[in-house]
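Colleague:
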Amino acid sequence: MEQNQTKPLEGTLLFIFGATGDLAKRKLYPAIYSLYREGKLSDKFAVIGLARRPKTNDQFREDVKQSIAEFSRYPNDEDSDWPAFAAHFEYMSLNTNDVEGFRELEKTAVGLEAEFGLSGNRLFYLALAPELFGQVAHHLRDGGLLAGNGWKRVVIEKPFGYDLKSALALNEEIRNVFEEKDIYRIDHYLGKEMIQNIEVIRFANAFFEPLWNRHHIANIQITSSETVGVEDRGGYYDNSGALRDMVQNHMLQMIAMMAMEPPSRNVSEDIRDEKAKVLRSLRLYGSHEEVAQHVIRGQYGSGAVKGKNVPAYRDEESVNPASTTETFVAAKVMVDNNRWAGVPFYIRTGKRMPVKSTEIVVEFKGVPSATHKAQQHALEPNLLVFRVNPMEGIYIKINAKKPGTDGVLVPVAMDFCQSCQVGWNTPEAYERLLHDAIRGDSTYFTRWDEVSHAWAFTDRIAEAWSHDEQPLHTYEAGSWGPDAAHGLLARDGFKWWPVNGQDESDVVWVTNRSE
């Protein structure tokens, strides 16, 4: 964490398990290329791609080139340094069940470290199914890959287990091989620019922190919506659902970032300590009735998204026609500590919704009713909005007098559009997280206690949903989810605020916006 981010990283050998998979193609190879192009990755590095299927080095390097051409922020079609960059990539077919294959991998690794002058630092990226994590970790040790000089770290993709019980077993397997400090559990939302900006906005501005509590905030809303359905992930998704795919990790991590106390020091463990305290303070639903009252699960039916007719979830490929898997979750979450007592955190996430967007809305409490004569007019509450995706930025909505009127109030939004300032060519989440893992900065990776507290919370919901009396609401594709999700807030006197500028034609924007 203490290293200079602009300084080229020390020599590292990266092992990518699942090298022919979609994650490696879309995210990992473009991330490595961007770090290289920006001078954050020195010439002293090498990458070994590992998967079952046979492939030559030339074929692998061509796959990497096509991946970068399609998904990288930087074009590589006229890169004269491409042959030198590609030479750092080597492929090896590996059966993860065979420890002998890992011993052969160790020989390959030693050869590459000698060729590129590496000092023994090794990063193992497991873009694999969770049930393989423990086995691969043990084979890495038994195959001799964790011996010798330099650090040895493992990066693990979500999901980390299927529930708390399986996560405990998986963690025990991995901890038999790696120490906690060397385990990097990735949540790519934590690599997003505006998620990382939450901490800075809160703690580096004197006019936010005094208001950041139950005395001044009415509620906080977190929305993560997608326009796509399950696409070719029907088989996986039907055994996962939105609760495990989104809520247990991304949504609860965003709550932790919004609700955490200021860390005593700006170091990884202190920051993660504060996040863990929030997750420990989540109010667990005590009964199936509480789950039904405070959590809404939905499944998309047929409808139209962006003018295109789309099928219902149960009609998607590889999905059980009688499936009760949720594609939408909305919930009222309470954080039981002194700062947030009584303040609801509303979360919603779903597929086949009108727009793709991730936003966090902080709704402040209203002013006293007799403070101004203009209060005869309806006042909108003040909002602070973090725009995470696809536009990055922040805006504050306040009330102001409409010019030329006698006290007519209108909402005015003061907008900081980060995407407008720096353009779209900003670092991807995987670039930041891969860079951090090599540097040894674990700030934006999830620690085991965070994972376990999150599973303890979502397991209560999953257990209740396993009983037939729990309702499954159908919503039309292209809508904002079931009506019950709106009722969740209406009972408390609130409403979902529009995301991504939807239905905000009445707002006066005082800075230019590119939307």
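In terms of numbering that gives the first Met the number 0, the sequence shown is residues 0 to 514.
Idealized CB from N, CA, C, for every residue including glycine.
Buried or exposed: TYR28, going by 16 or more other Cβ atoms within 10 Å of its Cβ?
Modeller: Taking the first residue of the sequence shown as position 1, residue 28 is located at position 29. Burial call: buried.
Colleague: Check whether the segment 221-235 touches the segment 348-362, counting contact only when three or more Cβ pairs, one atom from each stretch, lie closer than 8 Å.
Modeller: yes
Colleague: Give me whichever residues DSSP pairs with THR348 in a beta bridge.
Modeller: Within the sequence shown, residue 348 is the residue found at index 349, counting from 1. Note: THR348 sits in a beta bridge opposite SER223, VAL328.
Colleague: Would you mind working out which of GLU316, ALA330, TYR312, MET333 sits nearest THR324, comparing C-alpha positions?
Modeller: Mapped onto the sequence shown, residue 324 falls at position 325. Residue TYR312 is the option with its Cα nearest to THR324.
Colleague: Which whole-angstrom value is the C-beta distance of THR326 and LYS350, which I expect to be below 8 Å?
Modeller: Against the sequence shown, residue 326 aligns to sequence position 327. Against the sequence shown, residue 350 aligns to sequence position 351. Their Cβ separation, rounded to whole angstroms, is 5 Å, which keeps THR326 and LYS350 in contact under 8 Å.
Colleague: Within 10 angstroms of the Cβ of ALA303, are there 16 or more other Cβ atoms? Answer buried if so, exposed if not.
Modeller: As a working mapping, residue 303 is identified with position 304 in the sequence shown. Per the 10 Å Cβ criterion, exposed.
Colleague: Is the beta carbon of LEU408 less than 8 Å from the beta carbon of ASN398?
Modeller: On the sequence shown, position 409 is the one that residue 408 refers to. On the sequence shown, position 399 is the one that residue 398 refers to. Contact flag set, yes.
Colleague: Using the C-alpha atoms, what's the distance from ALA428 back to PHE84?
Modeller: Mapped onto the sequence shown, residue 84 falls at position 85. Mapped onto the sequence shown, residue 428 falls at position 429. Going by the C-alpha atoms only, they are around 22 Å apart.
Colleague: So what's LEU471 in DSSP terms, helix, strand or just coil?
Modeller: Locating residue 471 in the sequence shown gives position 472, counting from the first residue. Note: LEU471 maps to coil in three-state DSSP.
Colleague: Taking the beta carbon of MET390 as the centre, do at least 16 other beta carbons fall within 10 Å, making it buried, or is it exposed?
Modeller: Counting from one through the sequence shown, the residue named residue 390 turns up at place 391. Buried: at least 16 other Cβ atoms inside 10 Å.
Colleague: Since SER263 and SER441 should fall inside the 8 Å C-beta cutoff, what is the C-beta to C-beta distance between them, to a whole number of angstroms?
Modeller: Indexing the sequence shown from 1 puts residue 263 at position 264. Indexing the sequence shown from 1 puts residue 441 at position 442. So it is not a contact: roughly 17 Å between Cβ atoms.
Colleague: Mind checking which residues open and close the beta strand (DSSP E) that includes GLU358?
Modeller: Against the sequence shown, residue 358 aligns to sequence position 359. From DSSP, the beta strand (DSSP E) with GLU358 extends over 356-363.
Colleague: What three-state label does DSSP hand ASN3 in the structure shown?
Modeller: Translated into positions along the sequence shown, residue 3 becomes position 4. At ASN3, the pLDDT of 41 sits below 50, so the modelled position is not reliable and the matter cannot be decided from this model.
Colleague: Could you pull the DSSP bridge partners for GLN298 from this structure?
Modeller: The count along the sequence shown starts at 1 and reaches residue 298 at position 299. For GLN298, which the question treats as bridged, DSSP gives the partners THR473.
Colleague: On a Cα-Cα basis, can you pick out the residue from GLU171, PHE115, ASN175 that is closest to ARG140?
Modeller: The sequence position of residue 140 within the sequence shown is 141, counting from 1. Among GLU171, PHE115, ASN175, the Cα nearest to that of ARG140 belongs to ASN175.
Colleague: Which whole runs of the alpha helix (DSSP H) in the segment 386-447 are 4 residues long or more, in chain order?
Modeller: 417-421, 428-438
Colleague: Out of curiosity, what's the CA-to-CA distance linking GLY538 and ARG152?
Modeller: The requested residue 538 is not part of the displayed model; the chain covers only 0 to 514.
Colleague: If distances are taken between C-alpha atoms only, which option among PHE159, ALA241, GLU130, ASP181 comes closest to TRP541?
Modeller: The shown model of the chain, from 0 to 514, leaves out residue 541, and the question about it has no answer.
Colleague: I'd like the span of the alpha helix (DSSP H) that includes MET253, first residue to last.
Modeller: On the sequence shown, position 254 is the one that residue 253 refers to. Looking at the DSSP string, the run of the alpha helix (DSSP H) that includes MET253 is 251-258.
Colleague: For the candidate residues GLN220, ALA255, GLN292, whose alpha-carbon lies nearest to that of PHE444?
Modeller: As a first step, residue 444 is located in the sequence shown; it is residue number 445 there, counting from the start. With distances taken between Cα atoms, PHE444 lies closest to ALA255.
Colleague: For the candidate residues MET333, THR55, GLY17, ASN337, whose alpha-carbon lies nearest to that of HIS214?
Modeller: As a position in the sequence shown, residue 214 is number 215, starting the count at 1. It is ASN337.
Colleague: Run through DSSP, which three-state label would VAL229 get?
Modeller: The residue labelled residue 229 in the question sits at position 230 within the sequence shown. Coil, per DSSP.
Colleague: Inspect the CB distances between the segment 152-162 and the segment 38-57 and report whether three or more fall short of 8 Å.
Modeller: no
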